[in-house]
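Participant: If you scroll down you'll find the structure; I have some questions about it.
Numbering (the working numbering), first residue to last: 35 to 308.
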């Protein structure tokens with residue numbers, strides 16, 4: 035309790051009286067885990083420096099009943115200062131939890147830029163996939179975390195990785211209308227014509243379907259294929275027509291969209307227009 039609620043003096047007295055630093059609660063959490071997960075830097079310092087510990091490196095990597103380490107718990111909550119202390123004490127930056135998430139996945143997913151910086155600078159793997167096949171960049175792109183995406187790309191994160199929905203980070207950014215991340219990914223070499231594995235849609239198909247003219251124009255300016263076909267043999271113009279996005283349709287036609295293109299049912303964009 036003293037560790038969980040942040041009372042370093044009490045923790046010191048308990049340790050001096052012989053309290054076992056390795057004791058776990060019913061969820062498998064040690065005092066260090068609880069202090070770290072609640073951001074109590076001073077308590078973490080006391081526990082890491084305590085002479086009663088058997089092995090500091092072992093204690094910082096002890097997992098709870100959900101297979102989560104103190105560093106992963108800290109990363110999920112964004113305690114960058116605590117993360118630094120744990121890493122210095124030997125915390126394993128690459129450990130994966132029961133859902134195969136690393137500390138970097140958790141920090142990126144929850145928009146903790148400072149913690150992402152600490153983990154990347156400590157050598158965290160930027161292309162490790164979690165249970166859903168997402169890398170930290172996939173999560174940053176889905177959730178619109180621009181600064182985190184910049185950091186990950188600067189550390190060499192791949193833009194071509196395929197995530198949980200069989201999409202690339204670019205698809206995710208387009209789908210969620212994160213225009214600045216779309217520009218960032220294209221600038222980093224993302225393929226504007228990459229296709230979804232299940233539907234065959236390109237980012238342009240998705241941007242048009244969303245009616246996002248800014249992203250649509252940017253993709254077209256980045257040489258996205260205006261006549262690309264999805265799994266139903268539909269072009270982006272088919273999507274614009276179906277959704278009633280006249281502005282997007284005009285942009286596509288200005289860039290050479292084929293108004294006579296027929297989908298798998300033999301229909302042109304005009305045939306399916308709202």
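For every residue, glycine included, the Cβ atom is placed at its ideal position computed from N, Cα and C.
All of these numbers come straight from a predicted model, not from anything done at the bench.
Can you tell me whether DSSP reads residue 291 as helix, strand or coil?
Facilitator: As a first step, residue 291 must be located in the chain shown, where it is residue number 257. Three-state result, residue 291: coil.
Participant: Residue 86 to residue 77, Cα distance in whole Å?
Facilitator: Counting from one through the chain shown, the residue named residue 86 turns up at place 52. Counting from one through the chain shown, the residue named residue 77 turns up at place 43. Low per-residue confidence applies at residue 86: pLDDT is 46, beneath 50, and the placement is therefore not dependable enough to give any value.
Participant: Starting from the Cα of residue 103, find the closest Cα among 247, 62 and 268 and give me that residue.
Facilitator: Taking the chain shown and counting its residues from 1, one reaches residue 103 at position 69. Answer by Cα proximity: 62.
Participant: Between the Cα of residue 259 and the Cα atoms of 125, 238, 182 and 266, which residue gives the shortest distance?
Facilitator: Translated into positions along the chain shown, residue 259 becomes position 225. Closest by alpha carbon: 238.
Participant: Please report the residue range of the alpha helix (DSSP H) in which residue 161 lies.
Facilitator: In the chain shown, counting from the first residue as 1, residue 161 sits at position 127. First-last for residue 161: undefined, no H or E at that position.
Participant: In the DSSP assignment, find the unbroken alpha helix (DSSP H) run with residue 143 in it and report its ends.
Facilitator: Taking the chain shown and counting its residues from 1, the one referred to as residue 143 is at position 109. Looking at the DSSP string, the run of the alpha helix (DSSP H) that includes residue 143 is 137–143.
Participant: Would you report the Cα separation of residue 201 and residue 58, rounded to the nearest angstrom?
Facilitator: Here residue 201 refers to the residue found at position 167 when the chain shown is read from its first residue. Here residue 58 refers to the residue found at position 24 when the chain shown is read from its first residue. One C-alpha to the other measures close to 41 Å.
Participant: Looking at residue 298 and residue 266, is the spacing between their C-beta atoms short of 9 Å?
Facilitator: Taking the chain shown and counting its residues from 1, one reaches residue 266 at position 232. Taking the chain shown and counting its residues from 1, one reaches residue 298 at position 264. Their beta carbons are under 9 Å apart, which means residue 266 touches residue 298 by this criterion.
Participant: If I follow the unbroken alpha helix (DSSP H) through residue 60, where does it start and stop?
Facilitator: The sequence position of residue 60 within the chain shown is 26, counting from 1. Premise fails: residue 60 is in no alpha helix (DSSP H) and is neither H nor E.
Participant: How long is the line joining the alpha carbons of residue 146 and residue 250, rounded to whole angstroms?
Facilitator: Sequence index remark: in the chain shown, residue 146 carries index 112 (1-based). Sequence index remark: in the chain shown, residue 250 carries index 216 (1-based). Looking at the two C-alpha atoms, the distance is approximately 30 Å.
Participant: How should residue 290 be labelled, buried or exposed, when 16 other C-beta atoms within 10 angstroms of its C-beta is the threshold for buried?
Facilitator: Residue numbering aside, residue 290 sits at position 256 when the chain shown is read from its first letter. So residue 290 ends up on the exposed side.
Participant: Work out the CA separation of residue 176 and residue 192 for me, nearest whole Å.
Facilitator: In the chain shown, residue 192 corresponds to position 158, counting from 1. In the chain shown, residue 176 corresponds to position 142, counting from 1. In a straight line, the C-alpha of residue 192 is about 15 Å away from that of residue 176.
Participant: Taking the alpha carbon of residue 283 as the point to measure from, which residue in 295, 294 and 270 has its own alpha carbon closest?
Facilitator: Here the question's residue 283 lines up with position 249 in the chain shown. Closest option to residue 283, Cα to Cα, is 270.
Participant: Just how far apart, CA to CA, sit residue 107 and residue 277?
Facilitator: Position 73 of the chain shown, counted from the start, is the residue given in the question as residue 107. Position 243 of the chain shown, counted from the start, is the residue given in the question as residue 277. Between residue 107 and residue 277, the C-alpha separation is close to 43 Å.
Participant: Quick check: is the beta carbon of residue 103 nearer than 9 Å to any beta carbon in chain D?
Facilitator: Here there is only one protein chain, and chain D is not present.
Participant: Leaving out five residues on either side along the sequence, give the residues of the same chain with a beta carbon under 8 Å from the beta carbon of residue 294.
Facilitator: Your numbering for residue 294 matches position 260 in the chain shown. Taken in chain order, the residues that qualify are 302.
Participant: Reducing DSSP to helix, strand and coil, say where residue 96 ends up.
Facilitator: To locate residue 96, count along the chain shown from 1; it is residue 62. In the structure shown, residue 96 sits in coil (DSSP, three-state: anything other than H, G, I, E or B).
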